[in-house]
Structures are given as structure tokens and as C-alpha cells.
């Protein structure tokens with residue numbers, strides 16, 4: 001339908017409706033995005049005066065050659081590589097159990113939704129206590145199995161495992177939700193037919209559920225990779241704001257914050273954040289690709 | 298998955314002896330032992346934190362709600378040049394991680410001299426592309442004929458939006474507002490950056506500082522954590538339907 | 552109020568949805584815009600309501616040019632196919648909403664709404680929500696809401712097509728009744744010729760955005776000016792045979808029908824089913840009985856004429872069986888001749 005219908009003040013009206021939204025968007029999203037791109041090329045950028053030495057790739061060269069950054073990339077990579085598959089695997093099991101139309105679905109739903117609606121900081125502190133070497137719940141449970149106490153927090157080499165366990169717990173609920181909705185989209189007729197053919201439960205799971213669920217699983221893997229790549233706030237409650245007990249667990253985002261908030265080196269922080277953005281951007285593009293395929297499925 | 302919650306609440310009710318006892322005590326003897334809560338409230342201004350959290354959350358939800366409603370209306374109902382192109386550009390802007398924006402946003406806050414104010418915790422989050430996207434899609438599903446009827450009845454766009462569209466969109470709107478409230482209530486990183494004055498801390502920052510600065514006892518920290526977590530659990534129990542539908546669309550911590 | 556269309560045209564890009572309409576609707580009439588889907592009837596209605604702007608031409612309400620007037624200022628009531636009731640409001644609130652916008656006081660507008668509800672017979676349902684109503688009841692509420700502002704024109708866009716067959720019959724009587732009680736000029740869009748024939752004062756028959764004929768239903772039926780008009784109206788449909796006229800005979804595949812016409816040319820002969828008489832002596836043409844159907848009180852006869860099947864009605868005296876050849880005579884009324892452009896001769 002044509003544009004001139006109804007009122008003649010149509011040209012001003014959209015602007016009025018959109019201005020509150022765009023006011024915030026421009027100041028807090030659009031401008032910072034462009035600004036960070038600019039700053040990343042300004043070498044020796046001064047936070048207060050806004051002055052800089054010269055434009056160039058200096059910040060990027062520094063960051064990419066910085067051992068701390070490479071270490072942060074490695075740590076983040078390890079974290080992602082462990083957290084994402086483990087949580088997806090566990091979520092697959094849980095989602096299948098939840099999909100069996102059990103009674104008391106509300107109760108289960110509440111159980112796996114709780115971590116999503118509650119403060120990760122507050123619960124992180126609970127985990128910190130649970131990881132306590134002397135009287136934490138985890139070592140207490142292990143003691144029943146005659147396993148001697150593990151130094152989760154105070155032995156640097158264990159820190160990454162501690163973080164992974166906490167991370168898995170953190171993203172498990174959301175992963176379950178996505179997989180569950182994928183499972184619920186599978187036509188139950190397939191199962192009926194397979195059962196008539198005499199297929200075992202395991203066979204059904206392997207030959208029907210997994211192939212039909214594979215687009216969802218692909219999506220889940222990428223979404224979780226994106227979110228776990230940004231691991232940062234998880235460090236605060238568990239290691240009291242430090243990247244591991246001996247600063248051995250720098251992650252990419254921690255590195256960015258360290259440069260910007262502790263060292264006030266905005267140019268380099270910006271360069272590091274652009275690098276992160278490019279990595280995430282590539283991941284997002286592949287996510288969209290998968291979603292497109294999903295539609296044709 | 299619920300074990301940490303169970304552990305948090307039971308620990309908050311334990312005596313110091315029960316916490317470190319061996320063999321471990323899982324359920325405290327006196328399950329109505331509120332000593333830890335009293336002590337925690339005494340040692341840190343949790344009430345102020347609580348109040349700050351409430352103020353920030355309410356302001357966020359109301360302002361974001363408003364900007365989202367009017368923007369979603371413009372993007373779904375009004376006609377203007379390049380509308381759908383602008384909207385798809387906005388969607389691609391969603392890919393930019395907040396971690397990247399935070400550098401400049403912090404600078405802006407410093408320049409506006411807004412650090413250490415509650416305003417700093419509210420205004421950067423008043424325009425949400427994601428919520429606008431959800432609501433726009435809902436608005437698009439309302440038949441055109443309703444709009445034409447109302448316009449012929451003499452209603453202006455403004456009146457139509459608030460009198461017809463918003464009441465019809467109540468469930469979607471409710472979902473959006475709940476997600477937003479949960480996110481606000483739990484927000485931590487940005488708060489940590491812009492607030493270092495005790496009077497303006499919100500609950501998550503407050504409990505974190507309480508645990509890291511004071512070297513406080515674990516029972517007390519657990520009591521404090523319970524105070525933060527409880528309101529959201531209650532909210533969830535009461536509005537489960539809306540939160541579940543919202544989260545399933547990828548709205549939280551995703 | 553009288554509605555005048557002057558050379559009204561609507562183009563969507565290059566496509567002419569409504570092509571050069573000049574028409575007058577008299578005050579107090581119930582007019583049907585009739586035609587197959589895609590003929591432009593809804594577009595025309597939406598131009599009268601103002602929802603769709605006019606590309607060329609002018610629209611007058613009495614002497615007032617409303618071509619560029621916004622719909623809310625045109626003093627019209629509009630009822631949509633899907634009723635467009637506000638789902639969160641009760642029946643009473645729905646009906647009184649237009650007055651609420653006008654800032655009429657609550658007591659006054661509710662009194663008026665109740666009066667409207669009585670007119671359309673939903674006054675026992677005032678507290679219900681639209682979802683709790685049947686389709687017919689929703690339709691009544693939508694009409695009440697459209698009427699409460701005392702519009703000068705009531706516009707209805709396919710108001711009956713969402714209803715099942717029985718309700719449709721009931722509601723079309725209702726629309727007729729309400730229109731006669733309120734005397735409001737009413738324009739009604741439909742693709743159902745029976746619906747149009749049964750309730751309207753006048754039918755505007757359209758095809759491909761072009762006006763075919765405007766007149767009283769019976770005139771359209773008895774005196775169609777175009778081949779399309781003759782075929783679109785009538786159930787069972789009219790019989791059409793395309794052939795040539797040669798010196799006193801109409802010829803189709805060398806089979807002849809005696810016909811009184813003046814020039815030798817290619818024509819289409821259109822014969823209403825009821826325009827065929829049985830006459831074994833003085834017949835115009837012969838055909839073979841193919842089938843006989845009893846439908847209610849009437850009996851339909853299918854006649855094989857060359858490779859065509861013609862429809863007509865049997866009479867009680869007819870003592871012929873399937874397979875018999877019979878002599879047939881054309882009546883004067885209900886037989887039309889059209890040229891190869893589809894115009895009446």
C-alpha cells in the first residue's frame with residue numbers, strides 16, 4: 001500500500017517514534033563501535049586528552065606479538081574446546097530424559113531454569129565455597145569415594161579445570177533448552193514407525209534422533225562457542241577477580257579489560273577487542289549459514 | 298543442577314562449626330538459624346545494595362520498555378523510506394559484543410561525569426535491538442484491519458499504539474520486561490567498572506566486594522548470595538510461562 | 552449521502568486494479584460490488600473508505616470532494632472480512648470505542664452502545680470478549696461498532712465469507728434488515744452472485760478492474776449488456792454457444808438453431824436454462840436428453856447438442872427418457888446474442 005495514506009504528518013511521525021530508541025542506540029552502540037575501530041589504529045592513544053602519536057597497525061602488531069595475549073588466546077581456546085562439547089553432550093542426555101513427557105515438568109523446568117535467572121556472581125561464590133579444598137562440598141563428596149582432597153583453587157594448574165566445571169554448569173541450562181526445543185520439533189511418528197520396525201532405543205537415538213537433531217546441535221555448538229569465547233565475569237567470584245590464582249588464566253576478554261581498565265592503554269585494548277570481534281563475527285556468519293540450512297531441512 | 302542452590306541455602310543456615318565439620322554436615326541442625334543473615338546485614342549495607350538494585354532494575358525496565366514499544370511500532374506499522382533496510386542493519390549490529398563497546402562507553406561516562414551514579418547503570422541499556430526485534434515481530438502479526446478500523450474510528454497512531462496494540466501485545470511485552478529485569482538485576486561487569494563507591498553498589502557487586510574485600514566468612518557470603526538469588530527465583534516461580542518462552546527465543550545470557 | 556465517482560482509477564505500478572469508474576450511488580441504497588476475485592472490487596471499496604489513495608479521478612460525497620480526505624474524516628463505518636474486533640475489549644467496549652476516541656462521556660457512549668447492540672441483537676452479550684463469540688455474533692458487533700458514529704456510509708468488505716453456509720443466509724437477511732432500519736447508504740463487497748442478487752438494491756458488476764454493468768439485480772439478470780454479465784449471474788449458469796449466424800439459422804459445427812437475427816456474422820448465443828420450451832412440432836432445434844436430475848422441487852435436464860451440454864428444466868408433462876431426441880423452442884425472454892467482443896446485440 002502506498003505511502004501517502006492517512007495523515008500528512010507521516011514524515012515527522014516515524015522520527016518522533018524512533019528518536020528515543022536511536023538516541024540511546026547511537027550514543028551507546030553505534031558511536032562506540034565506530035570509535036573503537038578508530039582508536040584501534042591510534043598508537044599511544046591518551047584516554048584523557050584524546051591525543052595520539054600516529055595512525056597505523058602498531059596496536060595490532062603489539063597485541064598479536066604479545067605473549068600475554070597469545071596465552072590468553074590459548075587459555076580461552078582450551079576453555080571453549082572443553083566446555084562446549086562437554087556441556088552439549090550432557091545437555092543431550094538431559095534433554096532426552098526431559099523429552100520423555102515426565103510428570104512434574106514444571107518442577108524440572110524450574111530446576112534447569114534457575115541458573116539462567118539467577119546472578120552468576122552470587123552462584124559463582126557458591127561454587128567458590130564448593131571448590132574449597134578443606135570443607136568444600138566437592139571434596140567432601142569425593143572423600144566418600146576415598147579420593148583425597150583436590151586443590152581446585154590454590155594450585156594453579158588445576159584452575160582451568162575449575163573454570164571449565166563452573167563454565168559447563170553455567171551454559172548447561174541454555175543448551176538443554178535449545179536441544180529440547182529441537183527434540184520437540186521432531187515428528188513423533190518417526191519414533192512410532194521405528195519401534196514398529198523393532199529398533200532398539202539406542203538404535204533409535206543413534207539413527208533417528210541424532211541425524212534429525214544435527215542442525216540444532218550445530219547451532220548450539222556455535223552459539224555456545226561464541227558465548228564461552230567471552231569468558232571473563234566467571235573469573236571474578238571464583239578467583240576473586242584475578243585470572244587464576246597465579247594470574248595464569250588470562251582470557252581474551254580479561255586481557256582486554258586489563259589493558260583498558262588497569263593499564264589505561266585504550267589503543268591496544270581496542271585492537272584486541274577488534275580481533276575478538278572478528279573471531280566472533282566469523283562464528284556468527286557460520287551460525288547464520290547453519291540456520292539458513294536449517295530452514296530448508 | 299540445583300545442587301549449588303541447595304548448598305547455598307543450607308550453608309547460609311549453618312553455624313561456622315557445621316560448615317567445617319568432618320564428617321560433613323549437609324543439613325544444618327537448626328534450619329531456622331537466621332544468625333548469618335542478621336550478621337551479613339550488619340557487616341555490609343545489603344539493604345542499600347538491594348535498594349539500588351531495585352531502582353536500577355525498575356528504571357531500566359520502564360525506560361527500555363518505552364523505547365522498545367515506540368520503536369517496534371515505527372518499524373512495524375509506520376511507513377518511511379528505507380524502513381526494512383534500516384531494521385536489517387540494526388539486526389546485524391546485534392553481532393557486536395558488548396565487550397567491544399565497553400571501552401568507549403566507559404570513556405563517555407567519565408566525560409559526562411556519571412561514574413559512581415545509578416544513572417550510569419541505566420542509560421547505556423535503554424535501547425535494545427533484540428527486544429525491539431521480538432516486539433516488532435509480534436506487532437507485525439496483528440492484522441492490518443485492526444489498524445484501519447481504529448484509524449477510521451478516529452484513533453491517532455499514538456492512541457492506536459497504546460489503546461489497542463500494547464494491550465494485545467501484553468504477553469510478549471511481559472516476557473521482554475521480565476528478561477530485561479533479570480538481566481538488569483544480575484548485571485555485574487559494567488557495574489564493577491563504573492561504580493566504586495559503596496553507596497551505589499548493586500547486589501551482585503556488593504556481594505562480590507563483600508567476599509573479596511572483607512575476607513568475610515562463607516556462611517555470611519552464602520546468606521548474602523541467597524538475598525540476591527531469592528527475588529529472581531520468586532519472580533521465576535510466578536512468571537514461569539513468560540520467562541520460559543522468552544529464554545527459548547535466546548534472550549538471556551546467550 | 553450520495554456517493555459520486557468521477558473517472559476513478561487505481562494503478563499498482565502498471566497494473567490497473569480499477570479502471571476509469573464513473574458512477575453514482577444514491578442515498579439510502581444498498582449497493583453490492585460484485586465480481587470474481589481480483590476484479591478490483593475491494594480496491595474500489597478501500598478507495599471510497601480512503602484506506603487506499605486514488606491514482607486518478609475524484610470521489611465526491613454529495614457535493615463534497617473527499618478524494619484527499621483522510622478516512623477518519625469521511626464519516627464512514629467500515630466492516631472487515633475478519634471483523635477486526637479488538638480482542639482485549641468486551642463487546643460493549645468494542646462498540647463504544649469510536650465514541651471513546653471522540654471523547655464522548657462514558658454514560659452517554661455506553662447508552663448509545665447498548666442501543667446499537669439492541670439493533671444488531673447482541674445486547675445480551677455485552678460483557679463477553681470477541682473470542683467468546685460465534686462468527687455471526689462477531690459480525691454483528693463489528694456492524695454495531697461501524698454504525699455507532701452514525702456514519703453517512705456503511706462499507707462492508709466481504710462480510711459474510713468467513714461464515715458457514717447457514718449463518719451466511721441468516722446474516723445477509725440481518726444486514727438487509729439493519730440497512731433498512733437505519734437507512735444508511737451501504738456498499739457491500741462480495742464475490743457471491745446469489746448473495747448480491749438477494750439483498751442489494753443495485754449491483755455493480757466488475758471484471759479485471761473494468762465496470763461491466765450497474766443496475767437493479769433483476770435488470771442485470773433479465774437484460775445483461777455484456778456476455779460476462781449473463782454468464783456471471785444465474786444458477787444454474789446460462790448456456791453459451793459460439794457460432795455463426797447465416798440467413799435465419801445459427802450454426803454450430805453444422806448443427807442449426809432457428810433464430811431471428813439481422814446480419815450474418817460470428818456471434819455467441821446465450822440461453823438461460825428457463826428459456827427453453829419443449830415443442831415437438833414447431834421447434835427451433837433438436838437435442839438428445841443426456842441426464843435428468845431431481846434437485847428439490849425442480850428437475851434439471853442435461854441436453855446433448857453436438858458436443859455441448861445444455862441445461863434446462865424439465866416440466867411435469869415431459870414424457871421423454873434419457874437417450875430420446877426432443878424438439879426445443881427458444882423463448883423471447885432469457886435469450887441473448889453477443890458479438891465477438893462480448894457486447895450485446
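Chains as they are written, first to last, in this note's numbering: chain A, 1 to 297; chain B, 298 to 551; chain C, 552 to 896.
Glycine included, C-beta positions come from ideal geometry on N, C-alpha and C.
Please compile the residues from chain B whose C-beta is within a distance smaller than 8 Å of the C-beta of residue 261 of chain A.
Going along chain B in sequence order, the residues near residue 261 of chain A (Cβ under 8 Å) are 403 and 490.
Should residue 495 of chain B be flagged as near chain C, meaning a C-beta pair shorter than 9 Å?
No, residue 495 of chain B does not count as interfacial toward chain C.
Could one say the Cβ of residue 467 of chain B lies closer than 9 Å to chain C's Cβ atoms, at least one of them?
Chain C, which has a Cβ nearer than 9 Å to the Cβ of residue 467 of chain B, makes this yes.
What residue ranges within the segment 394-420 of chain B form continuous alpha helix (DSSP H) runs of no fewer than 4 residues, ordered along the chain?
Whole alpha helix (DSSP H) segments, 4+ residues: 395-408 and 416-419.
Are the Cβ atoms of residue 742 of chain C and residue 601 of chain C separated by less than 9 Å?
Their beta carbons are not under 9 Å apart, which means residue 742 of chain C does not touch residue 601 of chain C by this criterion.
Alpha carbons only, please: which of C/759, C/763, C/761 and C/725 is nearest the one belonging to residue 746 of chain C?
It is C/725.
List the residues of chain B whose Cβ lies closer than 7 Å to the Cβ of residue 241 of chain A, in chain order.
Chain B residues near residue 241 of chain A: 509.
Using DSSP's beta-bridge definition, name the partner residues of residue 819 of chain C.
Answer is C/793 and C/889, bridged to residue 819 of chain C.
Could you give the residue range of the alpha helix (DSSP H) that holds residue 249 of chain A?
Segment: none, residue 249 of chain A is in no alpha helix (DSSP H) and carries neither H nor E.
Looking at the C-beta of residue 443 of chain B, does it have a partner C-beta in chain C at a distance below 9 Å?
So, interface residue.
At a CB-CB cut-off below 8 Å, which residues of chain A make contact with residue 373 of chain B?
Per Cβ cutoff of 8 Å: no residues; residue 373 of chain B is ~11 Å from chain A at best.
When the Cα of residue 56 of chain A is compared with those of A/41, A/50, A/167 and A/49, which residue comes out closest?
Looking at the Cα atoms, A/41 is the closest of the given residues.
Since residue 880 of chain C is in the beta strand (DSSP E), which residue starts that stretch and which ends it?
Here the beta strand (DSSP E) through residue 880 of chain C covers 876-881.
Tell me which residues share the same chain as residue 323 of chain B and place their Cβ nearer than 8 Å to its Cβ, disregarding the 5 neighbours each side in the sequence.
These residues qualify, in order along the chain: 307.
Using the rule of at least 16 other Cβ atoms within 10 Å of the residue's Cβ for burial, across every protein chain shown, is residue 350 of chain B buried or exposed?
Label assigned to residue 350 of chain B: buried.
How would you list, in chain order, the residues of chain A whose beta-carbon sits under 7 Å from the beta-carbon of residue 423 of chain B?
Within 7 Å Cβ-Cβ: 24.
In whole angstroms, what is the alpha-carbon distance linking residue 253 of chain A and residue 464 of chain B?
Distance between the alpha carbons of residue 253 of chain A and residue 464 of chain B is about 42 Å.
Could you name the residues of the same chain whose beta carbon sits closer than 6 Å to that of residue 607 of chain C, not counting the 5 residues immediately before and after it, in chain order?
Only 560 meet the Cβ criterion.
Who are the near neighbours of residue 415 of chain B in its chain, counting only those whose CB is closer than 7 Å to its CB and skipping five residues on each side?
The residues are 349, 352, 353 and 497.
Going along the segment 612-634 of chain C in order, which residues come within less than 9 Å of chain B, judged by CB to CB distance?
If the cut-off is 9 Å between Cβ atoms, the segment 612-634 of chain C has 621, 622, 623, 624, 625, 627, 628, 629, 630, 631, 632, 633 and 634 near chain B.
At a Cβ threshold of 9 Å, is residue 473 of chain B touching chain C?
So, not an interface residue.
So if I threshold CB-CB distances at 7 Å, which residues from the segment 432-461 of chain B count as touching chain C?
The segment 432-461 of chain B vs chain C, Cβ under 7 Å: 440, 442, 443, 445, 446, 448, 449, 450, 451, 452, 456 and 461.
If I follow the unbroken alpha helix (DSSP H) through residue 834 of chain C, where does it start and stop?
No alpha helix (DSSP H) holds residue 834 of chain C; DSSP gives it neither H nor E.
Measure from the C-beta of residue 265 of chain B to each C-beta in chain A and report whether the shortest distance is under 9 Å.
Examination of residue 265 of chain B is not possible in this model, given that chain B is present from 298 through 551 alone.
If we define contact as Cβ-Cβ less than 9 Å, is residue 653 of chain C a contact residue for chain B?
Closer than 9 Å: yes.
Could you tell me the alpha carbon to alpha carbon distance between residue 146 of chain A and residue 139 of chain A, rounded to whole angstroms?
Their backbone Cα atoms lie some 10 Å apart in a straight line.
In chain B, what lies closer than 9 Å to residue 600 of chain C by C-beta?
In chain order: 445 and 449.
Identify, in the order they occur along the chain, each residue of the same chain with its Cβ nearer than 6 Å to the Cβ of residue 625 of chain C, setting aside the five sequence neighbours on each side.
Once the five neighbours on either side are set aside, the close Cβ partners of residue 625 of chain C are 601 and 617.
Assuming residue 22 of chain A and residue 392 of chain B make a contact with CB atoms under 8 Å, what is their CB distance in whole Å?
Wrong, their Cβ atoms sit about 19 Å apart, outside the cutoff.
Tell me whether residue 487 of chain B is buried or exposed, calling it buried when 16 or more other Cβ atoms sit within 10 Å of its Cβ.
Residue 487 of chain B should be labelled buried.
Do residue 854 of chain C and residue 879 of chain C have their C-beta atoms closer together than 9 Å?
It is a contact, given that the beta carbons lie within the stated cut-off.
Quick one: does residue 889 of chain C have its CB under 9 Å from some CB of chain B?
No, because no Cβ of chain B sits closer than 9 Å to the Cβ of residue 889 of chain C.
Using 9 Å as the threshold, is the C-beta distance between residue 583 of chain C and residue 738 of chain C below it?
Yes, the pair counts as a contact, with Cβ atoms nearer than the cut-off.
Can you tell me whether residue 297 of chain A is helix, strand or coil according to DSSP?
For residue 297 of chain A, the predicted model reports a pLDDT of 44, less than 50, meaning its position is unreliable; a value from the coordinates is still stated below. If DSSP states are grouped into helix, strand and coil, residue 297 of chain A belongs with coil.
Using a C-beta cutoff of 9 Å, does residue 686 of chain C count as contacting chain B?
No, no contact with chain B.
Please report how far the alpha carbon of residue 377 of chain B lies from the alpha carbon of residue 450 of chain B, in whole angstroms.
Spanning the two alpha carbons is a distance of roughly 23 Å.
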